[in-house]
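Asker: Structure provided below as structure tokens; questions to follow.
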Amino acid sequence: MDTNAEILVDKRTIDEIISKNEGKPGKLLTAMEEIQEANEYKFLDPQSMDYLSSRTKVPLSQIYSVATFYSFFNLKPQGKHTIIVCRGTACHTKGSKVLLDDLDALPGCKEAFEAGETCFTTEDRQITVKTVACFGQCALAPVVAVDGIIYSNVTSEKIMKLLQNLREDKKDENIKLC
Ligand code: FES
Numbered sequence: 584m585d586t587n588a589e590i591l592v593d594k595r596t597i598d599e600i601i602s603k604n605e606g607k608p609g610k611l612l613t614a615m616e617e618i619q620e621a622n623e624y625k626f627l628d629p630q631s632m633d634y635l636s637s638r639t640k641v642p643l644s645q646i647y648s649v650a651t652f653y654s655f656f657n658l659k660p661q662g663k664h665t666i667i668v669c670r671g672t673a674c675h676t677k678g679s680k681v682l683l684d685d686l687d688a689l690p691g692c693k694e695a696f697e698a699g700e701t702c703f704t705t706e707d708r709q710i711t712v713k714t715v716a717c718f719g720q721c722a723l724a725p726v727v728a729v730d731g732i733i734y735s736n737v738t739s740e741k742i743m744k745l746l747q748n749l750r751e752d753k754k755d756e757n758i759k760l761c
């Protein structure tokens, strides 16, 4: 990320989002989703949240409680690709910690999770690694999602192949298991 301008959603876009959702149920949630989507790095940047608060008169504290309650909101810049490793009981039993450890191949990833983070993004902003409590696909454990596609019964070999594909920016349908 080179400049602040790149990480912000411009005010006109936020104004448009607010106007088109005016009067609709769940307008705050929808506006936040759309603002996050409009951000190049798919996160809710502080300046945009300040502006949203001032325009809607919704206290900033309330906006942040919503942002932290729903896991699909990001408060940090996200990478181009996302790997989500399930850390629920079923996946843990089937070795999801090993899969997370395999992602040590990304410099700084291991340290971030050891420090208690639940989200790590590479410096080049190509890959974000996250954990989730359960995908609801426990019978297929261990489960990993890559760019929104769920992969089941993932092994170390498979996760390394998925990682390699992301680095090479290609998809390998042969390892898509469900
Ligand atoms: S614990 Fe991983 S999908 Fe449920």
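Under this note's numbering, think of the first position of the sequence shown as 584, with each following residue one higher.
Every residue gets a Cβ at the ideal spot worked out from N, C-alpha and C, and that includes glycine.
Since we're looking at a predicted model, the values are computed, not measured.
Could you give the DSSP three-state label for V641: helix, strand or coil?
Answerer: The three-state secondary structure of V641, taken from DSSP, is coil.
Asker: For A716, which three-state DSSP category applies?
Answerer: coil
Asker: Distance check for T701 and Q661, CA to CA, integer angstroms please.
Answerer: Spanning the two alpha carbons is a distance of roughly 13 Å.
Asker: So does V737 have its beta carbon nearer than 8 Å to some heavy atom of the ligand FAD?
Answerer: Ligands displayed in this structure: the ligand FES; the ligand FAD is not among them.
Asker: For the ligand FES, is there a heavy atom less than 8 Å away from the beta-carbon of L683?
Answerer: no
Asker: Among residues of its own chain, excluding the 5 on either side of L612, which ones have a beta-carbon nearer than 8 Å to its beta-carbon?
Answerer: V649 and Y653
Asker: Count the other CB atoms, across all protein chains shown, that sit within 10 Å of the CB of G671; report buried if there are 16 or more and exposed otherwise.
Answerer: buried
Asker: In chain order, what are the residue ranges of uninterrupted alpha helix (DSSP H) at least 4 long that sit wholly in the stretch 592-641?
Answerer: 594-604, 610-621 and 629-639
Asker: Kindly indicate which three-state DSSP category A724 falls into: helix, strand or coil?
Answerer: coil
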